[in-house]
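Residue numbers (my numbering): 500 to 648. Using N, Cα and C, we set each Cβ at its ideal position, and we do this for glycine too. Every value quoted in this text rests on a predicted model; they were computed, and no experiment measured them.
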Amino acid sequence: MMWSSERRRTFISRLAKLLFGAFFAMSIVSAFKLKQGAPERVVPLELRPVKVASLAEIKQRGYVALSVGGTPVLVFPVGEELRAYDATCPHMGCPVSGRRLLEEGVLECPCHASTFDPATGARLSGPAPRGLRQLPLEVRNGQVYVLPA
Ligand code: FES
């Protein structure tokens, strides 16, 4: 079947509009999902412990999300202990969110819904190939510090 040049131009024009619309819609969805995992505080990279918050504040809020030298970090209590993770999703690098931690007890990546065990950082579901990297913590005088590694 041969298409006239006008039909071909119309087809290409519609295809271009469709692709542009799909790209635009995906950009909006991606921007919204990335915002869900956005840190509350941004800290420049330091080679010494970075203060997160007081132990009481972390327990009261349930979790704290911050960025240390561009690395997303999540800090939260697990029972009587604390955990800190490099919250960079091992799938494609989106910041993992603590939003579902309080109600459902899981950490979730907002980009493609990988979930992680808050106690161990292990991958529970989704396309992430492995779990989250745990970071060392210190508690001094009621203040919690994370040691970026
Ligand atoms: S980037 Fe986290 S699941 Fe894809």
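Measuring only from the beta carbon, is residue i closer than 7 Å to any heavy atom that is part of the ligand FES?
| i | result |
| --- | --- |
| Pro-628 | no |
| Ser-596 | no |
| Gly-592 | yes |
| Ser-613 | yes |
| Gly-625 | yes |
Run the CB neighbour count on residue i, radius 10 Å, all protein chains shown included, and call it buried at 16 or more, exposed below.
| i | result |
| --- | --- |
| Pro-635 | exposed |
| Phe-510 | exposed |
| Ala-627 | buried |
| Gly-620 | buried |
| Ser-596 | buried |
| Ala-618 | exposed |
| Glu-579 | exposed |
| Leu-697 | Because the chain in this structure spans residues 500 to 648, residue 697 falls outside the shown range and cannot be described. |
| Ala-586 | buried |
| Ala-515 | exposed |
| Val-567 | buried |
| Ser-613 | buried |
Just verifying my parser: in three-state terms, what is the DSSP assignment at residue i?
| i | result |
| --- | --- |
| Ser-512 | helix |
| Pro-621 | The amino acid at residue 621 is misidentified as Pro; the sequence shows Ala. Looking at Ala-621 - three-state DSSP - the assignment turns out to be coil, as it is neither helix nor strand. |
| Glu-505 | helix |
| Glu-637 | strand |
| Leu-646 | coil |
| Leu-518 | helix |
| Leu-601 | helix |
| Glu-539 | coil |
| Ala-627 | coil |
| Ala-612 | coil |
Task: Unbroken stretches of the beta strand (DSSP E), 3 residues or longer, contained in the segment 561-592 - done: 563-567, 570-577 and 580-585
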